[in-house]
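Below is one structure; the comments refer to it alone.
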Amino acid sequence: MTFALNFVFSAVVFLFVLGILIIIHELGHYTVGRMLGFSIDAFSIGFGPKLLEKKGKYNLWQIRWILIGGYVKFKGELYEEEAKDDPGFFYNKKRWERFLVMVSGVLFNIIFAYLVFSFVSLYGIEESILRDKPPVVGAVEKDSPSEKAGISKGDIIVSIDGRKVRNWEEAKEEISSLMQKDYEIEVLRNSKKIVLKVSPMMVEFLKQPLGYIGVIPAFPPVIGGVQKDSPAEKAGLMPDDEIVSVNGVNINYWDEFSLFIKDSGGNPVDVKVKRGNEYVNLKVIPLYVITDQRYMIGINVKDSQFVRYKFPKNFLKAGAMTVQQALLAERTVEKIFKRKIPLKALSAPPSIAYITGKVARTGLYNLLFLMGVISFQLGFFNLLPIPALDGGQILVLAVEGAIRRDLPEAVKEWILKLGFGFLLLFFVLILFLDLFKYI
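Residue numbers for the sequence shown follow this note's numbering, beginning at 33 and rising by one.
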């Protein structure tokens, strides 16, 4: 029963989000089309049989039974003969006008994503405290691919599979896209560059396969949270305390402190922390936790911080986030064509719905941010040069511009049908692979 309710909830939220984003996309086509004098038959919300229809000044407004997205029907877009004498006929308009109409849907999706990023940046976003710092390895998990490859604590990751990485965000992105084969990782150790070969493992996160090599970032020794009634709370440790030393030994990284506690044997530990501008000395007695099979004191590392970008800096941050999404999408497509990312790693509607449902349960703010990400990806996907997509139509216009004449209608119809066929086969394949994640 719980599974069924979760499935229905995720499906409803996903369809709602997707519907809004598709309508925004189509609204882009419609708005620019109207501005340029294109004749429009109908703007429809939803698909299938008509539920409601109202004749407007310029076109029909329709609501259809299947309320998932919508579409704009331009006169002549499907080569209707009866509309050819209309100056607003789709193929009677100039190529640059058709280009603007085709690209406007993508542009509206990107603008929406940018506005969402602007809002969430103004409200505040969680950012890694290592976002501007080099990817220094704080620890290597035992028996992990990294340990077997020879990666050591203190190594600075320079590149992964040929791509230079400047911080842990970029390093994590590259690591998560690795498959189960050998890759070269370049590290800086004692001012010398060393190239090592690592064979990643695959782990699952939100039903998605991710590469894993077992490196832990070198986090500063700052406490992010303290569990209630834990040894740490009883000793007086507080969030944002910076660990300075343990038993007189200076601490530089979080994992050094964690190892001290693990190897304490339950004996009292003298901890010196910096709290604001003051130094505080405390004594904490670690407790053996059976489930983790180690001594712990009930704290976690501060790996992120809540950052608010005031107006107008939020717009600059939104711009950076939008560029980041563009670069991520471009690298993903490149890796697919180079077969560096398996097709099974791509997300079809089942996985997107599953993730959307999970995010929706965490709050409206996180769902809005996800909508921004999906909106950008939807726009980027539509730019791909596949005939059935906006990018395919733009490519045809580019070819016609290069040869200075329109392609024959029969050729364009054939290209469109071929594009739809390819898109359908690709979608069925990705859907098939995606469904296997849940079986």
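No residue lacks a Cβ here, since even glycine has one placed at the ideal position from N, Cα and C.
In this text, all values refer to a predicted model and were calculated from it rather than measured experimentally.
Pair within 7 angstroms by beta-carbon distance, residue i and residue j
i	j	result
Ile373	Ile329	no
Ile248	Ala171	yes
Gly246	Ser191	no
Phe122	Glu109	yes
His57	Asn124	no
Val168	Ile188	yes
Val230	Tyr215	yes
Tyr341	Ser153	yes
Arg66	Gly80	no
Leu448	Pro417	no
Ile54	Gly78	no
Val148	Asp422	no
Arg127	Gly433	yes
Glu205	Arg195	no
Phe413	Gln357	no
Ser290	Tyr327	no
Ser71	Asp118	yes
Leu319	Lys376	no
Ile426	Met134	yes
Leu400	Ala392	no
Glu236	Lys225	no
Gly51	Gly101	yes
Other residues of its chain near residue i: CB distance less than 7 angstroms, five sequence neighbours each side excluded
i	result
Thr388	Ser42, Val45, Phe46, Val49, Leu402
Val339	Gly156, Ile157, Glu159
Asn332	Gly256, Gly257
Phe39	none
Leu132	Val64, Leu68
Leu415	Val138, Asp422, Gly423
Lys185	Val169, Gly170, Ala171, Val172
According to DSSP, residues forming a beta bridge with residue i
i	result
Met328	Leu319
Arg127	Arg127 is not bridged to any residue.
Ile77	Ile95, Gly102
Tyr215	Val230
Pro249	Val169
Leu314	Val303
Leu220	Ile188, Lys225
Gln240	Phe237
Ile143	Paired residues: none, contrary to the question.
Glu274	Val254, Lys306
Arg195	Ile192
Ile72	Phe106
Leu84	Ile95
Asn282	Ser277
Neighbourhood of residue i by C-beta, 6 angstroms cutoff - its chain only, sequence neighbours within 5 removed
i	result
Glu129	Leu68
Ser136	Gly60, His61, Val64
Gln94	Ala74, Ser76, Lys82, Glu85
Leu238	Ile387
Asp193	Tyr215
Val365	none
Sequence-distant residues of the same chain with beta carbon closer than 8 angstroms to residue i, five excluded per side
i	result
Asp73	Asn91, Leu92, Lys105, Phe106, Lys107
Phe251	Ile161, Leu162, Gly170, Tyr285, Trp286, Asp287, Val333, Lys334, Asp335
Tyr303	According to the sequence provided, residue 303 is Val. The question's Tyr does not apply to it. The answer, listed in chain order, is Ala267, Leu269, Ile275, Ser277, Val278, Asn313, Leu314, Lys315, Val316.
Asp273	Val254, Ile255, Val305, Lys306, Arg307, Val312
Lys165	Asn199, Trp200
Met234	Met211, Gln212, Pro241, Leu242, Gly243, Tyr244
Leu467	Ala380, Pro382
Val405	Ala145, Gln357
Leu461	Leu375
Thr354	Ile142, Ala145, Tyr146, Phe149, Phe408
Leu429	Arg127, Arg130, Phe131, Met134
Residue span of the beta strand (DSSP E) that contains residue i, given as start and end
i	result
Glu159	157-160
Range covered by the alpha helix (DSSP H) that runs through residue i
i	result
Gly451	441-467
Gly423	422-435
Glu265	263-267
Asp117	No alpha helix (DSSP H) holds Asp117; DSSP gives it neither H nor E.
Ile183	Note, Ile183: premise wrong, no alpha helix (DSSP H); not H, not E.
Ile293	286-294
Lys174	Note, Lys174: premise wrong, no alpha helix (DSSP H); not H, not E.
Ile207	200-208
Residue i beta carbon near the ligand COA (any heavy atom closer than 6 angstroms)
i	result
Phe289	Questions concerning the ligand COA fall outside what the structure shown contains, since it holds no ligand whatsoever.
Whole runs of the alpha helix (DSSP H) within the stretch 325-411, excluding any shorter than 4 residues: 345-369, 381-392
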